[in-house]
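In our numbering, the protein residues as written are 87 to 222.
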């Protein structure tokens, strides 16, 4: 395995481990599928995630790639997980488009409003666990 490939594989593994820990559900690295690639990680809800650990950044191409992979996977959201040494995994960048982020925020808002209407007690537990913008 080349040094560049080993670096990429290590970054994918670190991303998978971090998301598994934070989400509390398994996230794993995926085998590549060429033209029909569906991202580097499986288990990030409703997302195609493309992990990149390059010294030279081509962010627009990476975002286009992540968007194609979301289409291939049939999910509404895409994200590029970009690493720059020597930054720790939680401090690296999650990159997307404004349209993609706005759609994600709208979906979260709608889901939380629906939960609040359907089950106020569960909504209060949810807010206590995850906080609100004013609590962070």
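Glycine included, C-beta positions come from ideal geometry on N, C-alpha and C.
- Task: State the DSSP-derived secondary structure class of residue 116, mapped to helix, strand or coil.
- Result: Of the three classes helix, strand and coil, the one that applies to residue 116 here is coil, per DSSP.
- Select from 118, 199 and 138 the residue whose C-alpha is nearest the C-alpha of residue 98. 138
- Message: Classify residue 211: buried if its beta carbon has 16 or more other beta carbons within 10 angstroms, exposed otherwise.
- Response: Around the beta carbon of residue 211, a 10 Å sphere encloses fewer than 16 other beta carbons of the protein chains shown; the residue is thus reported as exposed.
- Query: Is the distance from the Cβ of residue 124 to the Cβ of residue 159 below 8 Å?
  - Reply: yes
- residue 146 lies in the alpha helix (DSSP H); which residues open and close that run? 145-159
- Indicate whether the contact test is met: 3 or more Cβ pairs, each with one atom in the stretch 144-152 and one in the stretch 164-178, closer than 8 Å. yes
- Query: Who pairs with residue 127 in a beta bridge, going by DSSP?
  - Reply: 115 and 135
- Query: Excluding sequence positions up to five away, which residues of its chain have a Cβ less than 8 Å from the Cβ of residue 112?
  - Reply: 106 and 129
- Message: Could you check whether the Cβ of residue 167 sits closer than 8 Å to any Cβ belonging to chain D?
- Response: Among the chains of the structure shown, chain D does not appear; only one protein chain is present.
- Task: Would you list the residues sitting across from residue 140 in a DSSP beta bridge?
- Result: According to DSSP, residue 140 bridges with nothing at all.
- Message: Let's see if you can read the secondary structure: which residues bound the beta strand (DSSP E) around residue 167?
- Response: Counting along the chain, residue 167 sits inside the beta strand (DSSP E) bounded by residues 163-168.
- Item | Burial state of residue 169, where buried means 16 or more other Cβ atoms lie within 10 Å | Counting other Cβ atoms within 10 Å of its Cβ, residue 169 reaches 16 or more and is therefore classed as buried.
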